[in-house]
Amino acid sequence: MGQILLRLYAVAGVIGIAAVLLLGPRLRTACALGILALLAYDLFHANRNSALRPYHDVSLLDGERESFDFIRSRQGFDRTYIRNEFFLFDYAIMAKQGTLRGIYSVTDYEPLSLDRYARFFALIDTPGATDYRTQTFAGWLYLDPSPARLRLLDLMSVRFIVAPAQALPFRAGLHSAGWSAVLEPETGDVVVYENPNPLPRAYVAGTVHGAASADDALAALQAPEFDPHRTVVLEGDRSRPAPIAATSEQGIVPARIAEYTPTQVVVETDASAGGYLLLTDTYYPGWEATLDGAPAEIYRANYLFRAVAVPPGRHTVAFAYIPRMFRLGAGITLLTLCGLAVAGGLRWSWGLGVLGSWGLGVLRS
Numbered sequence: 029m030g031q032i033l034l035r036l037y038a039v040a041g042v043i044g045i046a047a048v049l050l051l052g053p054r055l056r057t058a059c060a061l062g063i064l065a066l067l068a069y070d071l072f073h074a075n076r077n078s079a080l081r082p083y084h085d086v087s088l089l090d091g092e093r094e095s096f097d098f099i100r101s102r103q104g105f106d107r108t109y110i111r112n113e114f115f116l117f118d119y120a121i122m123a124k125q126g127t128l129r130g131i132y133s134v135t136d137y138e139p140l141s142l143d144r145y146a147r148f149f150a151l152i153d154t155p156g157a158t159d160y161r162t163q164t165f166a167g168w169l170y171l172d173p174s175p176a177r178l179r180l181l182d183l184m185s186v187r188f189i190v191a192p193a194q195a196l197p198f199r200a201g202l203h204s205a206g207w208s209a210v211l212e213p214e215t216g217d218v219v220v221y222e223n224p225n226p227l228p229r230a231y232v233a234g235t236v237h238g239a240a241s242a243d244d245a246l247a248a249l250q251a252p253e254f255d256p257h258r259t260v261v262l263e264g265d266r267s268r269p270a271p272i273a274a275t276s277e278q279g280i281v282p283a284r285i286a287e288y289t290p291t292q293v294v295v296e297t298d299a300s301a302g303g304y305l306l307l308t309d310t311y312y313p314g315w316e317a318t319l320d321g322a323p324a325e326i327y328r329a330n331y332l333f334r335a336v337a338v339p340p341g342r343h344t345v346a347f348a349y350i351p352r353m354f355r356l357g358a359g360i361t362l363l364t365l366c367g368l369a370v371a372g373g374l375r376w377s378w379g380l381g382v383l384g385s386w387g388l389g390v391l392r393s
């Protein structure tokens, strides 16, 4: 049905364009309006295909609903890795399930993905699965369940893994690493595994390792002595030395996320020794932070994420996404509106002047 509609749209479009070019003015206008009506209809109805546009019909994706409902009810702010052995055909376990079910998933397929994520995923990917040097990174991950790679997965606050029941070698690797199967639904073909000791989405770390570059940070994260439950890797640059703090041998202290929206995150800390609050959300230009209301610097932490230095005791750290380009665009828009208002006012004044002159002329005559 979808292919038939696609052909009908193509034929109607070609006929309409030809008519606009060849017919007279009145018929040309009518055909142009018809093309606009076709485009409007297409925008609102052409995405009704239930297989390609599941937001309108989720029946194809409901095969593993029990597992995803289980995760959503227990996840808090923790993340999930969805393993799909046959991503082109298995809609019930496709990466978009994270978005569809309201689950914080570390995998997705998107046209725009950060190069840092490609490099990081390459470290935990199954060897030979994807060559990120020659292929465009779209967010896919075929995790190698070895202890070293699972430790890197921990950095993303992954608590659950959805694994296909038939992926026996993968599941054996999870068992060997201490992950436990917490749900094996009676219906469906997946098993849900839980991390025995996941990293929180937000926490304070007292032990800091400084890295002068991105490559140094990646090397530090892979070092056997690196303990993500105690240490955070912070990057510096040429304009300032790497932010190496006085180390504390205590483990990480979980922080509480008090507010979480796409552009605003508020975190409350209470660590006796202080250190760096790490939020395992993407470090990206445009994010700003405050500590108890005062501006605070954001450091790039563990290669992908962001961190803010916090003193001992209770504190509130707020992250807000306010990109410079948004401010610039808002300023240009405001100036444009002001210019239009001035131009409109001048034109109105000119119109009143012309009307007044005409009125005086009428009275004098």
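Under our numbering, the letters of the sequence shown match residues 29 to 393, in that order.
Where is the CB? At the ideal position from N, CA and C, for every residue including glycine.
Asked                                                                                                            : Found
Buried versus exposed call for glutamate 212 [16 or more other C-beta atoms within 10 Å across all chains shown] : exposed
Residue range of the unbroken beta strand (DSSP E) whose run includes arginine 328                               : 327-329
Where aspartate 217 falls: helix, strand or coil (DSSP)                                                          : coil
Validate contact between the segment 285-298 and the segment 225-239 using beta carbons, cut 8 Å, 3 pairs        : yes
Alpha carbon of glutamine 14 to alpha carbon of leucine 89, nearest angstrom                                     : What is shown of the chain runs 29 to 393, which leaves residue 14 out entirely.
Cβ pair count under 8 Å reaching 3, the segment 245-260 against the segment 311-325                              : no
For leucine 319: DSSP bridge partner residues                                                                    : Ala322, Val345
Cβ shell of glycine 201 (< 7 Å), same chain only, five flanking positions each side left out                     : Pro173, Ser174
Status (buried if at least 16 other CB within 10 Å, exposed otherwise) for isoleucine 43                         : exposed
Boundaries of the alpha helix (DSSP H) in which alanine 150 is found, first to last residue                      : 143-152
Euclidean distance between Cα positions of isoleucine 45 and leucine 61                                          : 11 Å
Three CB pairs or more closer than 8 Å across the segment 340-351 and the segment 293-306                        : yes
Where threonine 289 falls: helix, strand or coil (DSSP)                                                          : strand
Which of helix, strand or coil DSSP assigns to phenylalanine 188                                                 : strand
Classification of aspartate 143 by the beta-carbon crowding that lies within 10 angstroms, buried from 16 upward : exposed
Cβ pair valine 134, valine 218 closer than 8 Å                                                                   : no
Expected contact under 8 Å - CB spacing of valine 232 and glycine 279 to nearest Å                               : Wrong, their Cβ atoms sit about 10 Å apart, outside the cutoff.
Residues bridged to valine 210 [DSSP beta-bridge criterion]                                                      : None; valine 210 has no bridge partner.
Histidine 203 in three-state terms, based on DSSP                                                                : helix
Whole-angstrom distance between proline 197 and alanine 251, CA atom to CA atom                                  : 26 Å
Span of the alpha helix (DSSP H), counted from its first residue to its last, around aspartate 97                : 93-102
Candidates Gln194, Gln292, His203: closest to proline 351 by CA position                                         : Gln292
Assigned exposure category for tyrosine 137 - 16 Cβ within 10 Å defines buried                                   : exposed
Within 8 Å, strictly: CB atoms of glycine 238 and proline 224                                                    : no
Tryptophan 168 to phenylalanine 149 span [Cα, whole Å]                                                           : 8 Å
Alpha-carbon to alpha-carbon, serine 101 and alanine 317                                                         : 30 Å
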